[in-house]
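Novice: Taking my numbering, I'd label the letters of the sequence shown as residues 3 to 121. We treat Cβ as the ideally placed atom computed from N, Cα and C, and that holds for glycine. Predicted model only: the values in this text are computed from it and were never measured.
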Amino acid sequence: MIEDIQQRSEELFQQCVSSFEKTLQLWKTAESLASETARKPILEQREKLVSDVVQTVEHMSRTLASVQGITNRSEGDIRLQRLRGELDQSMEVAKKVEQRVDSLLTGARVQNLSGINKP
């Protein structure tokens, strides 16, 4: 069970790193746009992504601290199952955030390209 939690924690960590890399892409995309109106929603999405990562890290920290505090075997098994469930939920949230950012980045690129073709 501990190995499973460690694996899920590592996956969640990698997801957070990937999300932070996407925040850089969002920032670069926003900076490349001439209009403040076009930049604003991209920067807002970037801030939301940063906030999601911070919340995920805080949640993961609390979860791992709980794992370290497990002492009673039968109670520990129940708590481990609950903690695994929490990590699974965190992974799902991180994946959904990544999908949203991917679609936003794809949309921003299409918008940039269509703006280039205008006279």
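Are at least three pairs of beta-carbons, each pair with one atom in the stretch 84–100 and one in the stretch 19–28, less than 8 Å apart?
Specialist: The stretch 84–100, when compared against the stretch 19–28, does touch it at the 8 Å Cβ threshold.
Novice: Considering only C-alpha positions, which residue in the set G109, H61, V103 and D104 is nearest to L89?
Specialist: Within the sequence shown, residue 89 is the residue found at index 87, counting from 1. Closest by alpha carbon: H61.
Novice: Please say whether T58 and L14 have beta carbons closer to each other than 9 Å?
Specialist: The sequence position of residue 14 within the sequence shown is 12, counting from 1. The sequence position of residue 58 within the sequence shown is 56, counting from 1. Cβ distance < 9 Å, so L14 and T58 count as in contact.
Novice: Ends of the alpha helix (DSSP H) at A40?
Specialist: By 1-based counting over the sequence shown, the position of residue 40 is 38. E38 to Q70 is the span of the alpha helix (DSSP H), which, as asked, contains A40.
Novice: For W29, which option in K42, V19 and C18 has the closest C-alpha, if you only look at C-alpha atoms?
Specialist: Taking the sequence shown and counting its residues from 1, the one referred to as residue 29 is at position 27. Out of K42, V19 and C18, K42 has the C-alpha closest to the C-alpha of W29.
Novice: Can you list, in chain order, the residues of its chain with a C-beta nearer than 8 Å to that of E33? Leave out the 5 residues immediately preceding and following it.
Specialist: Here residue 33 corresponds to residue number 31 of the sequence shown, with the count starting at 1. For E33, where only same-chain residues beyond five positions count, the Cβ hits under 8 Å are R41.
Novice: Can you list, in chain order, the residues of its chain whose CB lies under 7 Å from that of V55, leaving out five sequence neighbours each side?
Specialist: As a position in the sequence shown, residue 55 is number 53, starting the count at 1. Taken in chain order, the residues that qualify are C18, S21 and F22.
Novice: Counting C-beta neighbours from all protein chains within 10 Å, is the total for T39 16 or more, i.e. buried, or is it exposed?
Specialist: Numbered from its first residue, the sequence shown carries residue 39 at position 37. So T39 ends up on the exposed side.
Novice: Specify the secondary structure class of T73 as computed by DSSP and reduced to three states.
Specialist: Residue 73 sits at position 71 when you count from the first residue of the sequence shown. The predicted model places T73 with a pLDDT of 48, which falls under 50 and marks its position as unreliable; any figure quoted below should be read in that light. DSSP places T73 in coil when its eight states are reduced to three.
Novice: Evaluate Q9 with the Cβ neighbour count: other Cβ atoms within 10 Å of its Cβ, from every protein chain shown; 16 or more gives buried, anything less gives exposed.
Specialist: Locating residue 9 in the sequence shown gives position 7, counting from the first residue. When all chains shown are included, Q9 counts as exposed.
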